[in-house]
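*Asks:* Can you read through this structure? Questions will come right after.
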Amino acid sequence: MGTIRNTSFVLAFAGIAGCAATMPPADLVSARASYGRASHGAAASMDPGALHSAAESLQGAEKSFSDDGDTQGTRDLAYVADRRAQTAEASGEALQAAQQQGQTLAAMHQAETDQANASAARLGQANMQIAQQGQAMQSQGQQLDAERDRRQDAEKRAAQAAADLAAFASVKQDPVRGMVITLSGGVLFASNKSDLLPGAQVKLDEVADALTKNDTVSKVVVEGHTDSQGGPAYNLELSQRRAETVRAYLISRGIASDRVTAVGYGVTRPIADNASAEGRANNRRVEIVVQPTPSP
Amino acid sequence: MHRTLIPSIAAACFVAGCGASYPVPTQQLADTESAERSAAELGAANEPKAQLHLQLAQEQLTQAKVAIAGGDNGRASVLLTRARSDAELAIALTRAGTAKAAAQAAIDQANAQKATNSKQGGQ
């Protein structure tokens, strides 16, 4: 607090001592130096009371030196003043160090707090990701359930379609070709004709209904077959025309044209002996093959 | 407390110079012994900078007691004042040493914490 005043005071006494042409005692020289260090150090701000006390001690020593010269009393006063100045300096340093320690610990505490907050944020983020993954898995599970339900529904519809068709046609499940619906040629066409008989349309209506109602994606192949009577080329051409006729009719009943193809096999694929009338009747046929839907 | 220094020494010097009687500095002796004990208990003997001043305080305290025993109370008072200033300086230096060591330990701890945090941050 009185650092400037005290420093001036020291200098003033130093001047007086110089005029007196008397060498100051070593303790006084040391006290002046100690006070100079203390007044420019931490004591000025950290422990001004101790510094003021040191200034008063030095002032007493300087006055004694000024009044009496280098006496034992002056040396004693200077000795004590030197200790007081060093005490103020050490006290200021101690308080400054304690302040630094407090600031360092506070900064550490803040860093720990920041670290803890960052950890908590990371934990929260991880928990959120876990929750999102859980939701995604739940959603995936629901999708799988829905897919299973759709598959079961499709299987039911396919079974129903097969049951519907079985009432008027032979329906067989071929592991390679798919579902094969066989309609007797005599039911669909007059001899050597490729126009549908009126009764045939009713049957094909039911086939078309089954194909549009229960399955809208499977590919359908209409195969025409004949017996061995007549020339092979003629029978091939006849079977092709009959297959085309059935295809056209199915398309007219609502089945997408890109789902249905027609092919004539003529006499090449008999299913019975052409030597008997019954066998030939069985060979004259149209097979509607519903190919299995490829797995997605 | 410190303000009594100048009159005390001046009076002691005056009395000693005139050869007049000077009362036994009983309270001053008790205060100085108390300061010396505090310095010793704080560990001044183990603090390099404080060690010398604790020793000086103890020596001058002993000399003061000899002076009192010899009836030289004025000189005893001066010696007690000097001894006490050394004891108080020893206390201040010991505290400063302890405080600086604690501050440095905190800095080291903070640096170790920073190093640990930076390692964790890098993983």
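Chains A and B, in that order, give the protein sequences.
If you're matching positions, the first sequence starts at 4 in the numbering used here and goes up one per residue.
If you're matching positions, the second sequence starts at 184 in the numbering used here and goes up one per residue.
Glycine is no exception: its CB is placed at the ideal position from the N, C-alpha and C atoms.
Keep in mind the model is a prediction, meaning the values are calculated, not measured.
#1: Check whether the Cβ atoms of residue 292 of chain A and residue 151 of chain A lie closer than 8 Å to each other.
#2: Could you tell me how far apart the beta carbons of residue 272 of chain B and residue 246 of chain B are, in whole angstroms, since I believe they sit closer than 8 Å?
#3: Going straight from the alpha carbon of residue 91 of chain A to that of residue 119 of chain A, what length do you get?
#4: Near residue 267 of chain B, which residues of its chain fall below 6 Å by C-beta distance, leaving aside the five closest residues on each side in sequence?
#5: Please identify, using Cβ separations under 7 Å, the residues of the segment 259-288 of chain B that lie next to chain A, in order along the chain.
#6: Taking Cβ-Cβ distances shorter than 8 Å, what residues in chain A pair up with residue 296 of chain B?
#7: First and last residue of the alpha helix (DSSP H) that includes residue 245 of chain B?
#8: Quick one: complete alpha helix (DSSP H) runs, 4+ long, within the segment 157-212 of chain A?
#9: Using only the alpha-carbon positions, how far apart do residue 78 of chain A and residue 257 of chain B sit?
#10: Residue 294 of chain B: buried (16+ other C-beta within 10 angstroms of its C-beta) or exposed?
#11: Between residue 290 of chain B and chain A, is the shortest Cβ-Cβ distance under 8 Å, so that the two count as touching?
#12: Using a C-beta cutoff of 8 Å, does residue 96 of chain A count as contacting chain B?
#13: Tell me where the beta strand (DSSP E) around residue 291 of chain A begins and ends.
#14: Report the neighbours of residue 32 of chain A on chain B: residues whose CB is nearer than 9 Å to its CB, in chain order.
#15: Determine the direct distance from the alpha carbon of residue 265 of chain A to that of residue 258 of chain A, and round the result to whole angstroms.
#16: Residues of the segment 212-229 of chain B in Cβ contact with chain A at a cutoff of 8 Å, in chain order, please.
#17: With a cut-off of 8 Å, do at least 3 Cβ pairs link the segment 165-181 of chain A to the segment 265-280 of chain A?
#18: Please list, in chain order, all residues of the same chain as residue 197 of chain A whose beta carbon is under 7 Å from its beta carbon, the five residues on each side excluded.
#19: In angstroms with no decimal places, state the Cα-to-Cα distance between residue 249 of chain B and residue 259 of chain B.
#20: In angstroms, rounded to a whole number, what distance separates the CA positions of residue 34 of chain A and residue 288 of chain B?
#21: Considering only C-alpha positions, which residue in the set A/254, A/96, A/172 and A/27 is nearest to residue 47 of chain A?
#22: Would you mind sorting residue 195 of chain A into buried or exposed? The rule is 16 or more other CB atoms within 10 Å of its CB.
#23: Is the beta carbon of residue 237 of chain B closer than 8 Å to that of residue 213 of chain B?
#24: Three-state secondary structure (DSSP) at residue 252 of chain A?
*Replies:* Let me spell this out:
#1: One-based indexing of the first sequence puts residue 292 of chain A at position 289. One-based indexing of the first sequence puts residue 151 of chain A at position 148. No; because the gap between Cβ atoms is not below 8 Å, this pair is not in contact.
#2: If you number the second sequence from 1, residue 272 of chain B lands on position 89. If you number the second sequence from 1, residue 246 of chain B lands on position 63. Between residue 246 of chain B and residue 272 of chain B the Cβ distance is about 18 Å, and since that is not below 8 Å, they are no contact.
#3: Locating residue 91 of chain A in the first sequence gives position 88, counting from the first residue. Locating residue 119 of chain A in the first sequence gives position 116, counting from the first residue. Rounded to the nearest angstrom, the two C-alpha atoms are 42 Å apart.
#4: Within the second sequence, numbered from 1, the residue matching residue 267 of chain B stands at position 84. For residue 267 of chain B, where only same-chain residues beyond five positions count, the Cβ hits under 6 Å are 215 and 218.
#5: 261, 264, 265, 268, 269, 271, 272, 275, 276, 278, 279, 282, 283, 285 and 286
#6: To locate residue 296 of chain B, count along the second sequence from 1; it is residue 113. Neighbours of residue 296 of chain B on chain A, chain order: 111, 114 and 115.
#7: The residue labelled residue 245 of chain B in the question sits at position 62 within the second sequence. From DSSP, the alpha helix (DSSP H) with residue 245 of chain B extends over 231-252.
#8: Fully enclosed alpha helix (DSSP H) runs of 4 or longer: 188-191.
#9: The sequence position of residue 78 of chain A within the first sequence is 75, counting from 1. The sequence position of residue 257 of chain B within the second sequence is 74, counting from 1. Whole-angstrom Cα-Cα distance: 15 Å.
#10: By one-based count along the second sequence, residue 294 of chain B stands at place 111. Exposed, by the Cβ-count rule.
#11: If you number the second sequence from 1, residue 290 of chain B lands on position 107. Output row for residue 290 of chain B: interface = yes.
#12: Within the first sequence, the letter at position 93 stands for residue 96 of chain A. It does: the Cβ of residue 96 of chain A has a partner Cβ on chain B nearer than 8 Å.
#13: For this step, residue 291 of chain A is matched to residue 288 along the first sequence. Residues 288-293.
#14: Here residue 32 of chain A corresponds to residue number 29 of the first sequence, with the count starting at 1. Those do not exist, as residue 32 of chain A stays about 17 Å from chain B at its closest Cβ, beyond 9 Å.
#15: For the purposes of this step, residue 258 of chain A is identified with residue 255 of the first sequence, where counting begins at 1. For the purposes of this step, residue 265 of chain A is identified with residue 262 of the first sequence, where counting begins at 1. Going by the C-alpha atoms only, they are around 13 Å apart.
#16: none
#17: no
#18: If you number the first sequence from 1, residue 197 of chain A lands on position 194. Answer for residue 197 of chain A: 241, 244, 245 and 248, listed in chain order.
#19: Walking along the second sequence from the start, residue 249 of chain B turns up at place 66. Walking along the second sequence from the start, residue 259 of chain B turns up at place 76. Taking the straight line joining both Cα atoms gives about 8 Å.
#20: Taking the first sequence and counting its residues from 1, the one referred to as residue 34 of chain A is at position 31. Taking the second sequence and counting its residues from 1, the one referred to as residue 288 of chain B is at position 105. Approximately 33 Å between the Cα atoms of the pair.
#21: Translated into positions along the first sequence, residue 47 of chain A becomes position 44. Closest option to residue 47 of chain A, Cα to Cα, is A/96.
#22: For the purposes of this step, residue 195 of chain A is identified with residue 192 of the first sequence, where counting begins at 1. Classification of residue 195 of chain A: exposed, given that the 10 Å Cβ count is below 16.
#23: Mapped onto the second sequence, residue 213 of chain B falls at position 30. Mapped onto the second sequence, residue 237 of chain B falls at position 54. Cβ distance not < 8 Å, so residue 213 of chain B and residue 237 of chain B don't count as in contact.
#24: By one-based count along the first sequence, residue 252 of chain A stands at place 249. It is helical.
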